[in-house]
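Residue numbering for the sequence shown follows this note's numbering, starting at 79 and increasing by one per position. Worksheet for the structure shown next.
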Amino acid sequence: MEINLSATFQNRDNLEQAAEVLKLQGVLDIKFDNSVVPNSDQQADSFIQSVDSFAAESSFALMVSVEKSRYRQAEDTIIKYGGQLH
79 MEINLSATFQ NRDNLEQAAE VLKLQGVLDI KFDNSVVPNS DQQADSFIQS
129 VDSFAAESSF ALMVSVEKSR YRQAEDTIIK YGGQLH
């Protein structure tokens with residue numbers, strides 16, 4: 079049976095390290111969603127001022143498919159490298 083995990087990382091390097099270890103562990107599939115889109119309700123004149131703080135708050139998403147027997151191992155790996163499970 080296949081189980082899906084999703085997590086976010088605040089640091090791209092940590093995400094990449096976790097993905098490498100997960101690959102070595104034999105996960106079925108790994109997908110990344112690193113697109114960051116600002117909220118559409120932000121005012122144009124305040125957008126430039128908030129770019130720096132927005133970039134600091136950006137996160138990198140990781141979606142992983144694993145066999146049920148490897149679910150806990152994948153969770154532990156994600157947490158070890160600073161990921162937050164969802």
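The beta-carbon is built from N, C-alpha and C at its ideal position, and this holds for glycine as well. For clarity, every value in this text was computed on a predicted model and none was experimentally measured.
Coil, strand or helix - L100 by DSSP: Counted from its first residue, the sequence shown places residue 100 at position 22. Reduced to three states, the DSSP call for L100 is helix.
Cα-Cα separation between L93 and V144, rounded to whole angstroms: The residue labelled residue 93 in the question sits at position 15 within the sequence shown. The residue labelled residue 144 in the question sits at position 66 within the sequence shown. Near 17 Å, if we compare the C-alpha coordinates of V144 and L93.
Burial state of L100 (16 or more Cβ within 10 Å): For the purposes of this step, residue 100 is taken as the residue at position 22 of the sequence shown. Buried.
Pairwise C-alpha distance: R148 and Q95: For the purposes of this step, residue 95 is taken as residue 17 along the sequence shown, with counting starting at 1. For the purposes of this step, residue 148 is taken as residue 70 along the sequence shown, with counting starting at 1. Their Cα atoms are separated by approximately 18 Å.
Assigned secondary structure, L83 (DSSP; H/G/I helix, E/B strand, else coil): Taking the sequence shown and counting its residues from 1, one reaches residue 83 at position 5. Note: L83 maps to strand in three-state DSSP.
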